[in-house]
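Numbering (the working numbering), first residue to last: 2 to 381.
Beneath this line is the structure, given in structure tokens, with notes to follow.
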Ligand code: MUC
Ligand code: MG
């Protein structure tokens with residue numbers, strides 16, 4: 002079997018509401034959809050999702066597409082897509098960094114390989130250890146009472162019992178009041194955690210985390226800038242509340258560094274920031290060796306990327322802190338013929354070969370950027 006073509010399509014899909022993060026507010030999510038085809042006509046799907054363009058990490062959908070088209074595709078065509086390890090190593094040799102781009106391609110190669118072998122993608126990663134994964138929802142409307150109402154609706158629908166709040170955009174004291182009010186409101190009925198997305202310095206983090214911990218917040222995600230591993234280690238040592246590494250944890254080498262320095266109690270895994278499913282599995286192995294539990298993070302993927310993440314996460318025993326694969330639920334529309342199933346506070350695996358999802362051609366035609374230009378990000 003040989004790789005015949007690699008197609009990259011830029012897609013923009015509006016969100017159901019404004020999503021506020023420490024660095025901006027999102028009304029539209031941006032994607033690169035990767036479609037690889039083999040010489041015998043099979044198709045594999047991958048996706049790179051960015052939040053706020055290059056505001057969360059360095060890559061934007063435009064750079065991802067450029068890297069794939071210009072620097073990866075010419076070297077991958079003609080190769081056997083089932084040589085996942087070899088092609089992953091080749092991509093690392095050809096392109097330094099740009100892990101979102103490589104992840105999207107590797108996802109598509111994995112999907113294609115699994116379809117060729119007529120097995121679910123998780124089989125190629127060692128098989129499924131989780132039947133379901135608890136599913137967090139992110140409350141980020143920018144308004145405390147609106148967040149509480151949204152959380153109540155999610156609880157009533159039995160969709161979620163873990164809520165993540167996005168804070169760090171404004172006055173830290175106001176953020177603490179906002180998060181404390183929500184944590185106290187849902188106490189005993191839902192778990193509340195916060196994602197600061199690198200917004201605080203260590204002093205601010207020390208003061209705020211003490212108050213968040215007292216209010217019952219269960220987990221603090223990426224409180225300080227990603228390179229300040231020393232500050233994360235001091236915070237992790239100082240507080241009982243779990244400190245989770247997100248932006249600080251990209252590669253398996255980052256995982257090793259964080260583990261050796263005891264700089265995080267929990268690792269947030271994401272296929273894109275790691276560089277693909279294989280690097281995510283390596284990161285999870287380091288976490289397991291270090292006794293660090295993992296959380297299944299997301300970048301607000303469509304059902305394409307979400308299915309890729311899910312097939313990887315169900316194969317990782319160390320995912321014990323739930324996941325946030327709710328991207329499709331925050332989008333006004335999706336790209337696949339059969340969206341993923343959500344119920345009883347969890348996301349459930351699709352049956353089928355590969356990732357088990359197929360592109361709906363009408364949806365792709367409607368949302369692809371070269372047919373319908375859309376605004377990417379609005380300022381906070
Ligand atoms: C992040 O930093 O975890 C995923 C969902 C969300 O609301 O933000 C993210 C990215
Ligand atoms: Mg995060």
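Backbone N, C-alpha and C fix where the C-beta goes; we use that ideal spot for every residue, glycine too.
Predicted, not measured: the structure shown is a model, and the values here were computed from it.
Touch test, the stretch 164-171 against the stretch 124-143, Cβ-Cβ under 8 Å, three pairs minimum: At 8 Å Cβ cutoff, the stretches touch.
Distance between residue 328 and residue 214 (C-alpha atoms, nearest Å): For residue 214 and residue 328, the distance between alpha carbons rounds to 28 Å.
Straight-line Cα distance separating residue 226 from residue 90: Separation of residue 90 and residue 226 (C-alpha to C-alpha, rounded to the nearest whole angstrom) is 29 Å.
8 Å contact criterion, which residue 229 and residue 243 should meet: CB distance rounded: The beta carbons of residue 229 and residue 243 sit about 18 Å from each other, so the pair does not count as a contact at 8 Å.
N- and C-terminal bounds of the beta strand (DSSP E) containing residue 209: That residue, residue 209, is in no beta strand (DSSP E); its alpha helix (DSSP H) goes 203-215.
Residue 323 in three-state terms, based on DSSP: Three-state result, residue 323: strand.
Reduced DSSP secondary structure (H/G/I, E/B, other) of residue 1: Limits of the chain in this structure are 2 at one end and 381 at the other, which puts residue 1 out of reach.
Short Cβ contact (8 Å threshold) for residue 29 with residue 52: With contacts defined as CB atoms closer than 8 Å, residue 29 and residue 52 fail to qualify as a contacting pair.
Any non-hydrogen atom of ligand 1 within 7 Å of residue 22 CB: For residue 22, the shortest C-beta to heavy atom distance toward ligand 1 is below 7 Å.
Spatial neighbours of residue 18 in its chain, beta-carbon cut-off 7 Å, leaving aside the 5 residues before and after: So the list reads 142, once near-sequence residues are dropped.
Sheet register partners of residue 268 (DSSP bridge): Under DSSP, residue 268 takes part in a beta bridge, and its partners are 246 and 295.
Contact test: residue 180 Cβ vs ligand 2 heavy atom, cutoff 7 Å: Result no, Cβ not under 7 Å from ligand 2.
Per-residue burial, residue 94 [other beta carbons within 10 Å of its own, 16 or more giving buried]: With fewer than 16 other Cβ atoms inside 10 Å of its own Cβ, residue 94 counts as exposed.
Any non-hydrogen atom of ligand 1 within 7 Å of residue 54 CB: Taking 7 Å as the cut-off, one finds no heavy atom of ligand 1 near enough to the beta carbon of residue 54.
Alpha-carbon spacing of residue 248 relative to residue 234, whole angstroms: One C-alpha to the other measures close to 15 Å.
Per-residue DSSP class, three states only, for residue 112: Correct three-state label for residue 112: helix.
For residue 275 and residue 65, the rounded distance between their alpha carbons: Their backbone Cα atoms lie some 14 Å apart in a straight line.
C-beta contact flag for residue 164 and residue 137 at 8 Å: Yes.
Contact the stretch 100-120 vs the stretch 282-297: 3+ CB pairs below 8 Å: Contact between the stretch 100-120 and the stretch 282-297 is absent: fewer than 3 CB-CB pairs across the two stretches fall below 8 Å.
DSSP beta-bridge partners of residue 164: 138 and 193.
Coil, strand or helix - residue 258 by DSSP: Helix at residue 258.
Sequence-distant residues of the same chain with beta carbon closer than 7 Å to residue 186, five excluded per side: Contacts found: 149.
Residue 381 - DSSP class collapsed to helix/strand/coil: At residue 381 the pLDDT is 42, less than 50, meaning the model places this residue with poor confidence; the figure from the coordinates comes in the next sentence. Looking at residue 381 - three-state DSSP - the assignment turns out to be coil, as it is neither helix nor strand.
Cβ neighbour criterion (16 or more within 10 Å) applied to residue 261: Exposed, since its Cβ has fewer than 16 Cβ neighbours within 10 Å.
Alpha-carbon to alpha-carbon, residue 10 and residue 333: Rounded to the nearest angstrom, the two C-alpha atoms are 19 Å apart.
For residue 62, the nearest candidate out of 99, 75 and 86 (CA to CA): Selected option, being the one with the closest Cα: 99.
At least three beta-carbon pairs within less than 8 Å, the stretch 101-115 to the stretch 43-51: Touching, yes, given that three or more Cβ pairs across the two stretches are closer than 8 Å.
Rounded separation between residue 324 and residue 31 - CA only: C-alpha separation (whole angstroms): 21 Å.
Cutoff 7 Å; reference residue 343; Cβ partners in own chain excluding five residues on either side: Cβ within range, chain order: 136, 160 and 330.
Cα-Cα separation between residue 291 and residue 263, rounded to whole angstroms: Rounded to the nearest whole angstrom, the CA to CA distance from residue 291 to residue 263 is 9 Å.
C-alpha distance - residue 356 paired with residue 312, whole-angstrom precision: If you draw a straight line from the Cα of residue 356 to the Cα of residue 312, it comes to about 7 Å.
Residues of its chain near residue 129, where Cβ-Cβ distance is below 8 Å and the 5 sequence neighbours each way are ignored: Around residue 129: 121, 123, 315, 316 and 350.
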